[in-house]
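Protein sequence lines, in the order shown, are assigned to chains A and B. Per this note's numbering, the first sequence starts with residue 46, numbered consecutively. Per this note's numbering, the second sequence starts with residue 220, numbered consecutively. For each residue, glycine too, the CB sits at the ideal point set by N, CA and C.
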Amino acid sequence: MTTWKSVLAAAAIALASCTAASAARTDLVLGVPLEPPHLDPTAGAAAAIDEVLYANVFEGLTRIGSRGEVLPALAESWTVSDGGKTYTFKLHTGVKFHDGTDFDAEDVKFSLDRARADDSTNAQKGLFAAIDTVEVVDPATVKVTLKSPQGSFLYNMGWGDAVIVAPESAETNKEKPVGTGPFKFDKWAKGSSITLVKSADYWGEPAMLEKAEFRIIPDAAAAVPALLSGDVQALPNFQLGDALPQVQSDARFKVVVGATEGETVLSTNNKKPPFDQLKVRQAIAHALDRKAIIDGASAGLGVPIGSHFSPANSAYVDLTGTYPFDPEKSRALLKEAGFEDGIKATLKLPPVGYARDGGQIIASQLRDVGIDLEIIPVEWADWLKQVFTEKDYDLSIVSHTEPNDIDIYSRKDYYFNYDNPAFDKVIEELNLTSDDARRTELYHQAQKILADDAVNGFLFELPKIGIWDAKVEGLWENSPIQANDLTKVKWVD
Amino acid sequence: MTAYLGKRLLIGLATLLVASVVVFAILEILPGDPARLMLGMNATADAVEALRNEMGLNEGLLPRYLAWVGGMLSLDFGRSYTYSVPVIELIRERAIVSVPLALMSLALSTAIAIPVGVFAAARRGRPADTVAMAASQLGVAVPNFWFALLLVYVFAVWLRLVPAGGFPGWSAGAWPALKALILPSIALAVPQAAILARVTRSALLDVLGEDFIRTARAKGLPRGAVLWRHALRNAMLPVLTIMGLQFGFLLAGTIIIENVFSLPGLGRLIFQALNQRDLIVVEGIVMLLVATIVAVNLLVDLSYAIVDPRLRTAR
């Protein structure tokens with residue numbers, strides 16, 4: 046047994062050194078937990094769609110870089126005029142869609158008009174709400190006029206939901222996506238894998254990989270053996286599990302813990318008594334021990350937050366000290382609010398690890414100060430219906446993964462039921478401001494108001510755990526938007 | 220015989236009809252809006268409404284039920300909400316993984332169980348019997364997903380003989396495709412084989428105590444001939460019944476095993492569809508599974524008649 050195993054091992058080593066002598070590998074298999082329902086980023090919210098196609102197959106006017114910055118993409122430059130109401134985009138020329146048709150200003154107009162049409166099923170229709178008209182000036186110039194200035198317009202145009210599609214292929218993108226990116230779609234074996242290959246006539250810097258396969262591995266326990274056996278070489282979004290230490294101690298792999306845009310919060314129904322009282326919400330904030338929650342719900346990897354903002358963003362302020370962990374203070378506040386006999390409430394938890402694990406810990410922390418929570422586990426579809434749409438809940442735990450989404454607190458009828466005119470004014474001004482220094486200042490104000498109002502229990506920023514072969518370079522460490530950008534990925538020896 | 224068969228057939232059809240009503244009703248009262256689920260938390264209300272119209276969710280319950288059942292009669296299972304392709308196409312794509320998997324497991328479990336059961340019965344009370352029954356006890360007790368992971372670590376990670384999961388597709392050639400199904404079918408077959416072996420053994424022991432066995436032995440037939448030709452054939456009725464029931468469990472078992480091995484089969488499809496509230500897909504597959512089980516039971520009833528000639532004339 047031992048003898049032939051070592052013979053095998055020797056053969057494997059010999060084989061490995063052979064291949065090492067030749068050129069570096071140009072193919073990559075990535076394991077992803079969820080299969081996209083279809084392949085059109087402009088017609089669905091599923092992160093799995095963008096995680097395969099964004100920046101690889103489809104491109105927008107702008108794009109979001111690995112640190113969350115706005116970069117030029119199909120628009121090589123732009124000018125802003127008319128007090129921030131008019132954007133004139135200068136487009137790259139000589140760009141072709143993967144089916145051979147030319148890309149020009151007409152495609153931009155088509156894509157933006159399609160996304161904001163009445164019958165549009167774009168999941169992020171709000172991104173386009175500020176657009177008044179889209180005009181084709183010449184084949185390489187597009188003029189977008191907004192109803193009112195919008196500071197985040199260029200960022201919005203970098204979302205996966207705002208990618209540019211061609212009228213010839215828009216209807217069939219769900220099955221056979223046609224974009225302008227450095228990779229083109231090759232095949233989709235439903236339930237198994239999606240394969241992209243390098244596009245030979247890409248307009249920009251060509252990709253270094255010839256072929257990339259996204260293999261769907263739904264079970265976290267199955268993802269690790271697939272990595273260990275060499276079937277897949279990267280798990281860019283590893284689902285937290287007991288197997289992490291096993292991989293961490295293996296020199297063949299790199300484990301990279303980065304940040305996402307996912308603010309994990311104890312969502313609170315701000316209109317439902319007794320949570321409509323500031324004192325009660327403050328009491329909850331004082332009762333939460335973030336360290337214990339992060340240890341239990343994200344293996345100690347999450348970064349604590351004190352408001353609804355990502356610590357990776359340059360406009361972040363640390364407000365975790367607003368209501369420090371202090372059970373005594375919490376009990377006193379409950380007493381002041383007239384609840385010395387305690388509070389009974391429900392905690393509805395969606396089927397994700399951080400919520401189910403975090404929920405247990407939070408329930409025990411709140412019980413300690415006299416708030417007795419009944420835990421009700423629900424499915425995603427049920428969560429979206431009961432909690433998100435019908436607002437039939439007291440407390441819940443969820444991660445808000447959309448980037449830069451502090452404005453959700455100013456939305457009328459959003460499920461937090463939060464209503465603060467002072468906050469709305471800040472967001473309104475933010476929309477009208479494009480000066481960076483002023484925007485940062487406004488972001489600070491907005492974060493502070495939410496923290497002071499203890500709108501939700503602000504817990505931690507969801508970590509992104511990426512595991513890949515130590516010889517692979519160029520995958521994103523952080524996840525400023527949901528994407529697996531492969532444009533700079535390569536094998537090194 | 221015809222009357223017997225006709226009656227079975229009618230019962231089968233009635234089962235299908237009742238199942239269609241139950242399946243449709245249960246999935247309709249399941250909370251959750253498929254359109255909202257697809258578009259997510261940031262979608263505007265009018266975008267969700269536009270998608271609901273596109274999916275045909277705004278029509279009444281009865282027209283939708285009738286359209287669904289009517290369609291199925293002509294093998295039109297509707298269009299998937301999420302994949303927006305005909306459901307029958309999805310089922311066909313997935314069945315070419317699940318059906319071979321189920322058949323391989325069934326063959327494997329029978330090939331293990333019958334000899335083990337016969338062997339144990341023939342050596343009743345001796346050490347071989349004890350060992351065989353202890354092994355089958357273990358097989359019944361071990362959960363198949365855990366056993367599956369164990370197989371993966373030994374044969375894929377350690378020995379690297381087979382892939383750790385995934386399916387290359389039949390287009391990659393018969394051998395690579397079959398290779399991907401080896402571990403899953405073993406994982407599915409072993410617990411089934413364990414049960415089947417126990418049933419075979421006890422059914423055989425019952426028969427071995429009968430008078431006609433003593434007669435056969437007395438007239439000088441060799442032990443093997445008595446065991447395999449006379450005893451086993453008479454012991455087949457309970458064994459066949461269990462095999463028929465197991466086929467249902469096999470289909471349910473594929474949901475777990477296909478997830479562990481990332482196989483694109485019917486089990487994965489139904490699991491995914493249920494999570495995405497792709498109700499039309501769930502309904503289609505469940506009906507197909509019901510139909511399969513009804514058909515298998517019909518086959519089992521038929522095989523009774525083959526095994527036991529008395530049934531052919533008596534009813």
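Quick check on DSSP: helix, strand or coil for residue i?
| i | result |
| --- | --- |
| residue 343 of chain A | helix |
| residue 374 of chain B | helix |
| residue 441 of chain A | strand |
| residue 221 of chain B | helix |
| residue 262 of chain A | coil |
| residue 234 of chain A | strand |
| residue 148 of chain A | coil |
| residue 122 of chain A | strand |
| residue 399 of chain A | helix |
| residue 521 of chain A | coil |
| residue 112 of chain A | coil |
| residue 232 of chain B | helix |
| residue 170 of chain A | helix |
| residue 227 of chain B | helix |
| residue 336 of chain B | helix |
| residue 536 of chain A | strand |
| residue 309 of chain B | helix |
| residue 517 of chain B | helix |
| residue 508 of chain A | strand |
| residue 324 of chain A | helix |
| residue 222 of chain A | coil |
| residue 502 of chain B | helix |
| residue 2 of chain A | The displayed coordinates of chain A run from 46 to 538. Any statement about residue 2 of chain A would go beyond what the structure contains. |
| residue 350 of chain B | helix |
With a CB to CB cut of under 7 Å and the five nearest residues on each side skipped, what residues in its chain are close to residue i?
| i | result |
| --- | --- |
| residue 239 of chain B | 288, 506 |
| residue 474 of chain B | 486, 489, 490 |
| residue 301 of chain B | 257, 495, 497 |
| residue 323 of chain B | 400, 404 |
| residue 118 of chain A | 104, 105, 106, 107, 108 |
| residue 87 of chain A | 160, 167, 206, 208, 210 |
| residue 515 of chain B | 463, 466 |
| residue 441 of chain B | none |
Report the option in the options whose CA atom is closest to the CA atom of residue i.
| i | options | result |
| --- | --- | --- |
| residue 146 of chain A | A:345, A:85, A:215 | A:215 |
| residue 360 of chain A | A:138, A:529, A:491 | A:491 |
| residue 255 of chain A | A:71, A:368, A:440 | A:71 |
| residue 226 of chain A | A:236, A:319, A:209 | A:209 |
| residue 228 of chain B | B:331, B:529, B:527, B:519 | B:519 |
| residue 498 of chain A | A:535, A:352, A:488 | A:352 |
| residue 438 of chain A | A:446, A:420, A:444 | A:420 |
| residue 149 of chain A | A:281, A:136, A:204, A:379 | A:136 |
| residue 131 of chain A | A:85, A:152, A:111, A:182 | A:182 |
| residue 388 of chain A | A:366, A:95, A:414, A:367 | A:414 |
| residue 133 of chain A | A:198, A:458, A:263 | A:198 |
| residue 350 of chain A | A:96, A:231, A:310, A:425 | A:310 |
| residue 509 of chain B | B:224, B:231, B:223 | B:231 |
| residue 516 of chain A | A:279, A:241, A:381, A:247 | A:279 |
| residue 285 of chain A | A:89, A:222, A:401 | A:401 |
| residue 325 of chain B | B:470, B:522, B:481 | B:470 |
In chain order, what residues of the same chain lie with their CB nearer than 6 Å to the CB of residue i, ignoring the 5 residues before and after it?
| i | result |
| --- | --- |
| residue 338 of chain A | 403, 406, 504 |
| residue 213 of chain A | 146 |
| residue 335 of chain B | 351, 416 |
| residue 296 of chain B | 306, 307, 503 |
| residue 355 of chain B | 413, 416, 417 |
| residue 522 of chain A | 301, 303 |
| residue 224 of chain A | 102, 103 |
Keeping to the same chain, check which residues put their C-beta closer than 8 Å to that of residue i; ignore five residues upstream and five downstream.
| i | result |
| --- | --- |
| residue 315 of chain A | 321, 326, 461, 462, 463, 464, 500 |
| residue 277 of chain A | 74, 75, 76, 260, 262, 268, 271 |
| residue 370 of chain B | 402, 405, 406 |
Report the CB separation of residue i from residue j in whole angstroms; it is logged as a contact under 8 Å.
| i | j | result |
| --- | --- | --- |
| residue 292 of chain A | residue 512 of chain A | 6 Å |
| residue 530 of chain A | residue 111 of chain A | 7 Å |
| residue 440 of chain A | residue 392 of chain A | 5 Å |
Would a check of beta-carbon distances place residue i closer than 8 Å to chain E?
| i | result |
| --- | --- |
| residue 260 of chain A | The structure shown contains no chain E; its protein chains are A and B. |
- Task: Could I get the ranges of all uninterrupted alpha helix (DSSP H) runs contained in the stretch 373-432 of chain A, with 4 residues as the minimum, in chain order?
- Result: 398-414, 425-428
- Message: Extract the residue ranges of the beta strand (DSSP E) inside the stretch 439-487 of chain A, only unbroken runs of 3 or more that lie entirely within it.
- Response: 440-445
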